[in-house]
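Undergrad: Quick one: the structure is below, questions incoming.
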Amino acid sequence: MQRLYDSDMQLIGYLSEGAAGRVSVLDSDYKVLGYYYPSADKTYTKDMALVGRGNQLAALLERAKGEGGTA
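The sequence shown begins at 1 in the UniProt record's numbering and counts up one residue at a time.
So, in structure tokens, the structure goes:
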């Protein structure tokens, strides 16, 4: 599991690679925010709603931070 830090070196989340290369992004409290599927080159929310093409996991972290999340 890879830790993610902001510019002030505060922990904001984690990246975890799982089955079939799926990459998950979790906030600093280990709550899943979404997934990136490299084989399809698409990013989804935790509820499997399409976010867009490409790896947009950082955008999910920013969205959670903007909504008052712990990220």
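The C-beta atom is built at its ideal place from N, Cα and C for all residues, glycine as well.
Fair warning: this is a prediction, and the values are worked out from it, not measured in the lab.
Taking the continuous alpha helix (DSSP H) assigned at residue 42, which residues delimit it?
TA: Locating residue 42 in the sequence shown gives position 42, where the first residue counts as 1. Looking at the DSSP string, residue 42 is not in any alpha helix (DSSP H); the run it does join, the beta strand (DSSP E), is 42 to 45.
Undergrad: Quick one: Cα of residue 32 to Cα of residue 53, how far?
TA: Looking up residue 32 in the sequence shown gives position 32. Looking up residue 53 in the sequence shown gives position 53. Cα to Cα, the separation comes out at about 19 Å.
Undergrad: Under 8 Å between the Cβ atoms of residue 18 and residue 25?
TA: In the sequence shown, the residue the question calls residue 18 occupies position 18. In the sequence shown, the residue the question calls residue 25 occupies position 25. Against a cut-off of 8 Å, the Cβ pair of residue 25 and residue 18 comes out as no contact.
Undergrad: Quick one: grab the DSSP three-state call for residue 17.
TA: Residue numbering aside, residue 17 sits at position 17 when the sequence shown is read from its first letter. Strand.
Undergrad: Are the CB atoms of residue 39 and residue 11 within a distance shorter than 8 Å?
TA: Against the sequence shown, residue 11 aligns to sequence position 11. Against the sequence shown, residue 39 aligns to sequence position 39. Result no, Cβ atoms of residue 11 and residue 39 do not sit closer than 8 Å.
Undergrad: The beta strand (DSSP E) that contains residue 3, what's its start and end?
TA: For the purposes of this step, residue 3 is identified with residue 3 of the sequence shown, where counting begins at 1. First-last of the beta strand (DSSP E) with residue 3: 2 to 5.
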